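**Student:** Numbering (full-length UniProt numbering), first residue to last: 1 to 227.
Using N, Cα and C, we set each Cβ at its ideal position, and we do this for glycine too.
Remember, it's a predicted structure, so these values are computed and weren't measured experimentally.
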């Protein structure tokens, strides 16, 4: 259910458990790993008291565009695709493409919400089922920086990929100079594996780091935290 208020987007969450490393739906009836849509339904998942996530809806296009437009100054340095987002219709097309991506089981785009207000986007940009790895990306509106929202949302998403979908490897690619973006995989104990120079990252030639986490390492750390 969606409510609009003051030009922003508010959501009503359906409370669900956010305990790390507890399966939601680990297998289908055939015993195969769940599909993305089985794990990330259209309902809202409360990750922390102030942070929740859910797949974006076309009804949120106006709010997503407003957030994108108000964040251009701080995002455009690292996200050149912003130049192609000129109207709410562009944001709506992005959401529709994301819905198709989810239906095809090759990625998803989640809205990240701060106290039910849309704050940013967290996505599985690429997922390779054959080789069992996924690549994540994210951005936050300027006013929502420094609150731990994206770290909490990313932690939850990574956990679901490893526990429910049994993905073996998750990568996050960050430009050298994007310190706020790099801080997230570092907080989550991802290993910085590669330093790649002048590679195309989100449509722009930049130097960047590749951070990675393996399923066995994630689950081991989660088990150690519980003991």
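Which whole-angstrom value describes the C-beta separation of residue 54 and residue 45, a residue pair presumed to lie in contact below a C-beta threshold of 8 angstroms?
**Tutor:** About 6 angstroms; that satisfies the 8 angstroms criterion.
**Student:** As an exercise, report each continuous alpha helix (DSSP H) stretch of at least 4 residues that is fully enclosed by the region 65-143, in chain order.
**Tutor:** The qualifying runs are 72-75 and 88-103.
**Student:** Quick check: the Cα distance between residue 163 and residue 123, rounded to an integer number of angstroms?
**Tutor:** In a straight line, the C-alpha of residue 163 is about 17 angstroms away from that of residue 123.
**Student:** For residue 167, report the span of its alpha helix (DSSP H) as first-last.
**Tutor:** Note, residue 167: premise wrong, no alpha helix (DSSP H); not H, not E.
**Student:** Under three-state DSSP, which class holds residue 51?
**Tutor:** DSSP places residue 51 in strand when its eight states are reduced to three.
**Student:** Measure the Cβ-Cβ separation of residue 78 and residue 183 and say whether it is below 7 angstroms.
**Tutor:** No, the pair does not count as a contact, with Cβ atoms beyond the cut-off.
**Student:** With distances taken Cα to Cα, identify the nearest neighbour of residue 221 among 188, 208 and 160.
**Tutor:** Nearest C-alpha to residue 221: 188.
**Student:** Grab the span of the alpha helix (DSSP H) containing residue 162 for me, first residue to last.
**Tutor:** Element bounds for residue 162: 149-163.
**Student:** Would you say residue 150 and residue 161 are within 7 angstroms of each other, going by their C-beta atoms?
**Tutor:** No; because the gap between Cβ atoms is not below 7 angstroms, this pair is not in contact.
**Student:** Looking at the strands, I want to know which residues DSSP matches up with residue 175.
**Tutor:** According to DSSP, residue 175 bridges with 208.
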